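In this note's numbering, the protein residues as written are 93 to 230.
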């Protein structure tokens, strides 16, 4: 075949968009070293892939499967990244929750210390006034 056209391929793959995807999958395979099923004739890989599709020398179903696998490989990477991000978010929440608990414990200890000081002062008979309270007798 001297020249390949979309009309030659559209009978094999009825959807033009699907044809582009399938042809690009074959171009990727050719670029990575897959054997050619038609003569090269100084053509670019995209022309060779369309000629192979038009001549039915490659399986369109296998190209579709390869395309799906290539998309799934990226999907698994995305899922791994999502798991890592979720783990970091959980760790951050845990750290913030733990620090919040430490602050609450510290406040509780301070309150107990103040209460203990007040009780000790009352037991010794000293006059106790709350901190920051001004004397209004003057």
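Each residue gets a CB set at the ideal place from its N, CA and C atoms; glycine is no exception.
These numbers were taken from a predicted model, which means no experiment stands behind them.
Using a threshold of 7 Å, state whether the C-beta atoms of residue i and residue j are closer than that.
i, j, result
"residue 141", "residue 118", "yes"
Suppose the cutoff is 7 Å on Cβ atoms and the five residues either side in sequence are ignored; what does the same chain contact list for residue i look like?
i, result
"residue 247", "The structure shown does not extend to residue 247, since the chain spans only 93 to 230, so no value can be given for it."
"residue 132", "140"
"residue 198", "none"
Along the chain, where does the alpha helix (DSSP H) that runs through residue i open and close?
i, result
"residue 115", "108-123"
"residue 100", "98-102"
Could you name the residues of the same chain whose beta carbon sits closer than 8 Å to that of residue i, not counting the 5 residues immediately before and after it, in chain order?
i, result
"residue 201", "none"
For residue i and residue j, I'd like the C-alpha separation in whole angstroms.
i, j, result
"residue 153", "residue 186", "49 Å"
"residue 134", "residue 144", "15 Å"
"residue 207", "residue 215", "12 Å"
"residue 172", "residue 182", "15 Å"
"residue 101", "residue 170", "34 Å"
"residue 178", "residue 161", "25 Å"
Beta-carbon within less than 6 Å of residue i's beta-carbon, same chain only, minus the 5 sequence neighbours each way: which residues are those?
i, result
"residue 146", "96, 100 and 101"
Enumerated in chain order, which unbroken segments of the beta strand (DSSP E) with a length of 3 residues or greater are wholly contained in the stretch 141-200? If we require 3 residues or more, the stretch 141-200 turns out to have no beta strand (DSSP E) run fully inside it.
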